[in-house]
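Worksheet for the structure shown next.
Protein chains in written order, with my numbering: chain A, 2 to 770; chain B, 2 to 770.
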């Protein structure tokens with residue numbers, strides 16, 4: 002855990018330069034626009050510790066997996082989010098001496114991520130070895146409006162010298178992934194061109210043959226006016242640059258304006274890409290830096306207008322929730338159904354792949370409530386498009402008849418993780434994908450999706466579960482053997498309660514969905530049954546048998562659901578009794594010891610209770626929470642938010658607040674000592690959930706919006722805005738009052754503390770509590 | 002499965018050349034002498050499919066492991082048996098045209114491994130593209146007498162031409178391991194020298210810094226007489242050679258005699274190695290090829306004299322058992338306690354490491370009965386020497402107070418496998434290491450070992466088990482969670498019956514051993530307790546508590562021991578009902594499906610019954626055998642022998658014979674389709690066990706030798722010889738008779754079918770059956 006980020010409501014601020022924190026800050030200060038993004042690397046040369054990262058959405062590499070002993074069904078590759086052409090490079094030499102914060106003496110330094118404006122600003126004063134002192138201010142952003150573009154204004158002011166500065170503004174395609182399994186580089190060069198004032202570089206990924214065409218334009222201004230300098234074009238392998246030499250005087254500022262574009266072959270015909278890059282670059286150069294920056298601020302204002310969460314009385318909490326929302330918007334805009342939300346977004350390489358069950362379990366509710374319906378639908382369509390691959394994936398493992406197993410990690414629908422205990426066993430993800438369809442339908446009230454896309458996915462998933470269980474002659478029940486639940490500190494367990502529960506839920510929901518579509522659109526149903534070769538009587542009959550006779554482990558004495566068979570055989574120790582020096586377990590204990598222990602990485606039984614809350618009475622929820630919470634180490638970023646929501650429901654406000662802080666400031670305070678690898682993007686949606694579903698107690702029941710707001714002691718008030726069907730409502734919770742503002746033109750029924758209220762269009766309602 | 006090896010009692014014969022079988026034959030026709038060994042690669046250039054393999058005992062490389070996601074406690078490296086300098090190379094060009102069986106037309110071809118003489122002979126006639134036809138006969142061996150040396154006689158006879166042959170006899174250190182994890186080469190060059198008629202090359206392994214100094218001397222003879230040609234010395238990176246050019250005539254034979262030595266820095270000071278290589282080479286050159294070959298035949302005659310198994314009436318069975326015994330002797334001679342028996346010996350790279358639990362569980366009984374007692378003792382001392390490393394290994398996993406966990410795979414005592422489900426979980430190996438101490442003591446009657454070395458190992462192992470179990474509040478018993486039994490088609494199971502059984506057996510045996518040493522050598526005991534900081538009362542008290550309250554899974558209804566908790570939850574299918582196309586499962590099924598199935602890779606419960614047979618009545622053994630045998634797929638080479646022994650005990654002669662054939666001809670007939678990777682050396686000891694303990698029914702009970710011989714229907718008779726304590730006895734079993742010949746000078750009590758007989762020194766006893 003660290004504590005060096007200044008608390009401020011709208012800004013993330015680092016003051017002073019500590020090279021040991023640099024990789025953490027590179028993650029935290031990351032910028033992006035859903036189409037491209039990057040870590041907060043320096044523009045100028047930096048020879049210290051850094052993790053270079055520039056990413057272009059959808060561009061990946063199928064890196065050969067590393068496994069000890071290959072076994073049938075193992076994925077061939079582990080897809081990597083690719084570090085792509087570095088477009089920010091501005092090499093600076095002062096009278097021949099290279100500017101490098103690793104060799105110079107840093108006198109002042111600050112980094113500011115402004116979440117209102119959507120810009121990253123870095124300022125420093127450095128004394129070079131020669132004794133020359135200069136100040137630099139670098140402002141950078143990835144444009145939300147021109148989402149293939151970014152711009153930099155890099156200003157240099159000599160403090161105590163005059164002389165010559167040489168500048169090399171580059172596109173560097175000779176990059177590598179730090180997590181390359183076999184130290185390979187993944188890019189080859191296609192072309193590099195000088196075209197008028199532009200330098201262009203097109204690179205291709207090996208194997209996947211994605212092209213990324215990048216272009217830059219660089220202008221030098223002095224004292225606010227352009228110098229009109231022509232750049233010298235420089236090129237070497239996988240590298241182009243524009244060189245300038247300028248005379249500088251003490252106290253006078255030289256500003257380098259750099260405009261850059263990155264186009265992906267996912268969106269253009271390859272042979273037209275260079276021309277398109279030129280056109281895009283022309284467009285932004287014509288706009289100019291200031292207008293781009295203005296448009297950026299406007300676009301961000303729009304996002305905040307729709308989705309801000311305001312917390313009064315607790316700056317750390319306020320900053321944190323905004324940071325989480327900001328990073329989510331930087332990662333995914335929902336405009337392209339081919340894209341998804343990588344666990345690290347555009348902020349690091351770790352975890353590879355773009356899509357985990359995180360998307361369905363944690364991110365979908367955030368986008369349902371804060372974005373146009375199309376965004377959530379695109380997330381579902383992403384999986385629909387990959388149904389064939391999910392069926393192939395199940396076939397590779399021996400399943401048949403259209404059974405679908407969605408991958409644990411994927412880029413294109415194929416499984417690309419490489420541990421059997423995850424890929425083969427963490428099959429509960431299949432349930433989350435079905436649950437997302439339910440959740441979408443419940444939230445939007447739109448059953449059309451079910452008929453058009455959803456049911457086909459559900460049938461594949463239901464078929465998988467029906468084949469995955471087997472009849473136990475011992476238990477005289479259907480059992481589910483050899484699984485890994487959400488708690489990845491267990492592997493290959495039998496009858497994981499969560500997995501078995503979500504499996505039969507899927508079967509039930511698919512039967513319901515069939516009935517629903519039957520009533521709604523029987524022609525479509527017939528068509529779908531033909532397409533999937535579905536034998537209704539036979540298959541649903543078998544499903545019903547499984548639903549009726551499934552085994553779920555419970556402990557009658559304790560009155561709890563058992564995480565899995567034999568969980569109570571483990572030595573029962575509580576987290577509070579663990580020495581601090583043993584934490585986090587995953588860094589201190591051997592894997593063996595973790596596996597055998599009772600400690601839980603992240604919500605498992607409680608994840609099921611969170612999903613299916615309505616099926617359990619409050620006492621059952623409390624007993625399970627009271628049993629499992631003290632055994633949970635929360636060593637997954639996805640854990641605290643679920644606990645926060647359940648704690649809030651149970652009125653355990655102190656724990657709920659503690660969990661909220663932990664999830665919301667996870668990266669800002671580097672709780673798990675791993676922020677340097679990148680941010681925990683998907684769990685950021687969980688932070689939002691812990692406010693809205695946790696403190697706000699928001700639920701959708703029978704088509705209506707319900708709230709049970711509670712206020713953490715430390716806060717004066719909090720407010721969040723949600724879109725629900727046609728309505729938009731802001732909920733502000735303060736000590737004695739819940740204020741509801743309907744900002745839309747439709748009336749809305751809203752239940753607060755179980756009482757129904759009619760909230761007229763464009764009106765407010767104040768309820769005393 | 003293949004069937005191309007000719008059946009012959011003393012020879013392994015391949016006739017005709019099929020390039021697709023070449024890698025299989027390279028394994029089968031491997032030669033070695035315990036100190037060095039090699040695959041049956043060709044001397045001349047071969048551009049077809051081949052797996053080059055020359056190995057020097059004890060020389061390994063710690064190759065960086067390949068794992069997807071690193072976790073604490075994972076081994077850093079996977080030790081590789083190293084492919085070392087190739088000393089057999091004899092490049093031949095006929096009038097400038099390279100001799101290569103891949104490009105020439107092979108008119109005749111045979112390979113013969115003569116197990117009586119210890120030589121590999123290859124003959125072929127080839128037509129080159131030029132139309133030139135020549136015959137070649139190559140005889141090669143690794144000398145048992147000069148165990149750092151090998152020799153080749155390579156004779157060439159032109160059939161239809163005359164002209165010039167150029168010959169390049171080489172030492173090639175530029176070799177690589179095919180299973181290198183990161184395509185690295187593991188050797189660097191130290192020196193290469195020409196010294197009189199010798200060419201010398203010294204190579205060093207990276208990281209481990211082993212040196213191997215090799216030297217060759219090459220002589221050319223024509224028509225039986227030396228030509229006295231001086232070689233031309235050729236050298237390039239990691240390579241030296243001796244070149245000759247000779248005129249040849251149709252029908253006249255040119256013979257190339259090549260003498261080679263390989264010395265390891267394990268046995269010499271590095272700076273003296275080249276001189277020692279020269280001296281060794283001088284010694285064998287002085288002997289000459291014919292005398293070396295003669296000595297080789299004599300040495301092998303000695304080995305057969307002591308350890309032959311003679312089967313009459315079944316050539317395939319006879320050939321097979323001799324092949325197994327022959328390969329065991331080629332792999333391990335027992336002279337050096339630093340060496341052990343790698344699963345592939347000197348015949349391939351797969352499995353890496355030199356030592357698995359195979360040594361204790363399968364090989365030790367073979368050496369106990371067929372070799373001087375020192376050989377078995379050396380195998381035990383190997384582990385004693387690695388006790389510190391085993392304690393370190395356990396510490397890495399969180400164990401303390403001198404608990405020892407021996408590695409699953411090792412070269413130097415450190416764990417070097419790289420799958421958690423094996424390294425952390427297949428802890429039953431610790432039991433086999435304790436059992437070997439018991440087995441040695443039981444067989445030899447020598448308790449001195451226990452006091453001197455054995456007890457210290459037992460205390461470490463017992464401490465491990467005592468810490469590895471935990472108290473289950475659910476079962477009110479001690480349980481053993483998260484293990485993998487011998488059946489590797491299960492991972493991370495709870496309460497594996499075999500593991501729990503051998504664990505408590507270890508505790509009991511250690512308590513017994515303490516009492517024994519207390520009586521025998523109390524001073525040593527005090528010393529040992531001080532050294533190990535052993536608190537007798539406290540520790541043995543706790544052990545006794547575990548012994549008394551251990552949980553073992555059983556099914557009362559079926560009257561069987563359960564392989565593990567929940568085994569009967571699995572879908573119960575029998576192997577006979579599996580489609581042939583699904584076999585072998587490990588090549589046809591996904592790992593997931595295998596894990597969830599009831600199918601058993603190798604004896605698991607039955608392994609325990611084999612070890613602790615005396616603890617169970619015949620009906621219990623029969624019920625367990627009848628239950629588990631039909632579920633066992635025998636996809637480990639270590640499986641059929643145990644089943645053969647139990648089947649024989651239960652009088653199931655047909656199955657016993659079937660298992661025997663399967664284990665004994667596993668490699669000759671390439672049963673598991675993997676002989677090309679190398680031979681299954683350690684399971685070859687199991688073949689011997691299935692004859693002697695299976696058909697012969699040999700057991701040691703209360704210090705006496707017991708036999709229960711039965712004769713497979715297909716056999717006329719079989720005979721084996723065993724050394725038991727001071728006596729040597731040959732047992733010949735025929736249809737109506739068991740003939741016992743005491744070939745030693747001591748009297749022997751021997752029990753046949755439960756009846757005691759006194760077998761006088763140097764006398765025979767014939768018992769009618």
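No residue lacks a Cβ here, since even glycine has one placed at the ideal position from N, Cα and C.
Exercise for the section: Taking C-beta pairs closer than 9 Å, name the residues in chain B that residue 596(A) reaches, listed in chain order. Expected result: 421, 425, 426, 482, 483, 493
Practice task
Determine the chain A residues that contact residue 208(B) at a beta-carbon separation under 9 Å, and present them in chain order.
Solution key: The contacting residues do not exist; residue 208(B) stays about 18 Å from chain A at best.
Practice task
Tell whether a beta-carbon distance below 8 Å holds between residue 3(B) and residue 670(B).
Solution key: yes
Practice task
Assign residue 50(A) to one of two classes, buried (16 or more other C-beta atoms within 10 Å of its C-beta) or exposed (fewer than that).
Solution key: exposed
Problem - Chain-ordered residues of the stretch 453-478 of chain B with a beta carbon less than 8 Å from chain A - result: 471, 472, 473, 474, 475, 476
Exercise for the section: Using a Cβ cut-off of 8 Å (strictly closer), state whether residue 770(A) contacts chain B. Expected result: no
Practice task
Determine the closest residue to residue 176(A) out of 218(A), 219(A), 89(A), with distance taken between C-alpha atoms.
Solution key: 89(A)
Handout entry: Given residue 667(A) as reference, the closest of 62(A), 655(A), 651(A), 686(A) once Cα atoms are compared
Key = 686(A)
Practice task
Step through the CB atoms of chain A and report whether any lies within less than 8 Å of the CB of residue 183(B).
Solution key: yes
Handout entry: Where residue 559(A) meets chain B, residues with beta-carbon distance less than 9 Å
Key = Chain B residues near residue 559(A): none, gap ~10 Å exceeds 9 Å.
Exercise for the section: Hey, could you find the ends of the alpha helix (DSSP H) residue 597(B) is sitting in? Expected result: 592-597
Problem - For residue 239(B), the nearest candidate out of 646(B), 21(B), 179(B), 202(B) (CA to CA) - result: 202(B)
Handout entry: Continuous beta strand (DSSP E) stretch holding residue 587(B): start and end
Key = Note, residue 587(B): premise wrong, no beta strand (DSSP E); alpha helix (DSSP H) at 586-589.
Problem - Beta carbon proximity, residue 637(B) to chain A, threshold 8 Å - result: no
Exercise for the section: Taking residue 501(B) as the query, report the chain A residues whose CB atoms sit under 8 Å from its CB, ordered along the chain. Expected result: Chain A residues near residue 501(B): none, gap ~12 Å exceeds 8 Å.
Handout entry: Same chain, Cβ closer than 8 Å to residue 317(B), five either side skipped, listed in chain order
Key = 8, 662, 666
Exercise for the section: Scan the stretch 60-88 of chain A for residues whose Cβ lies nearer than 9 Å to a Cβ of chain B and list them as they occur along the chain. Expected result: 66, 67, 68, 69, 70, 72, 73, 74, 75, 79
Exercise for the section: Using alpha carbons as the reference points, say which of 546(A), 714(A), 769(A) lies closest to residue 653(A). Expected result: 714(A)
Practice task
May I ask you to report which of helix, strand or coil DSSP gives residue 293(B)?
Solution key: helix
Problem - CB of residue 265(B) within 8 Å of CB of residue 60(B), strictly - result: yes
Handout entry: Cβ neighbour criterion (16 or more within 10 Å) applied to residue 600(A)
Key = buried
Problem - chain B residues whose Cβ lies nearer than 8 Å to that of residue 399(A) - result: 590, 591, 593, 594
Exercise for the section: Could you check the C-alpha separation between residue 396(A) and residue 439(A) for me, to the nearest Å? Expected result: 26 Å
Handout entry: residue 237(B): first and last residue of the uninterrupted beta strand (DSSP E) it sits in
Key = 233-237
Practice task
From the DSSP output, read off the bridge partner residues of residue 204(B).
Solution key: 190(B), 213(B)
Exercise for the section: Could you confirm whether any beta carbon from chain B is found closer than 8 Å to the beta carbon of residue 714(A)? Expected result: no
Problem - Closer than 7 Å at the beta carbon, the chain A residues around residue 567(B) - result: 495, 566
Exercise for the section: May I have the straight-line CA-CA distance separating residue 513(B) from residue 119(B), to the nearest angstrom? Expected result: 45 Å
Exercise for the section: Taking a Cβ distance cut-off of 7 Å, strictly less, list which residues of the stretch 567-585 of chain A are near chain B, in chain order. Expected result: 567, 569, 570, 571, 572, 573
Exercise for the section: Tell me the start and end of each unbroken alpha helix (DSSP H) in the stretch 535-575 of chain A that is at least 4 residues and wholly inside, in chain order. Expected result: 537-549
Problem - Cβ pair count under 8 Å reaching 3, the stretch 369-376 of chain B against the stretch 423-434 of chain B - result: no
Practice task
Using 10 angstroms around the beta-carbon of residue 130(B), count the other beta-carbons present and answer buried if the total reaches 16, otherwise exposed.
Solution key: exposed
Exercise for the section: Counting only the same chain and skipping the five closest in sequence on each side, list residues whose C-beta sits under 6 Å from that of residue 638(A). Expected result: 667, 681, 684
Problem - Sub-8 Å separation of residue 178(B) and residue 27(B) beta-carbons - result: no
Problem - Helix, strand or coil at residue 724(B) [DSSP, three-state] - result: strand
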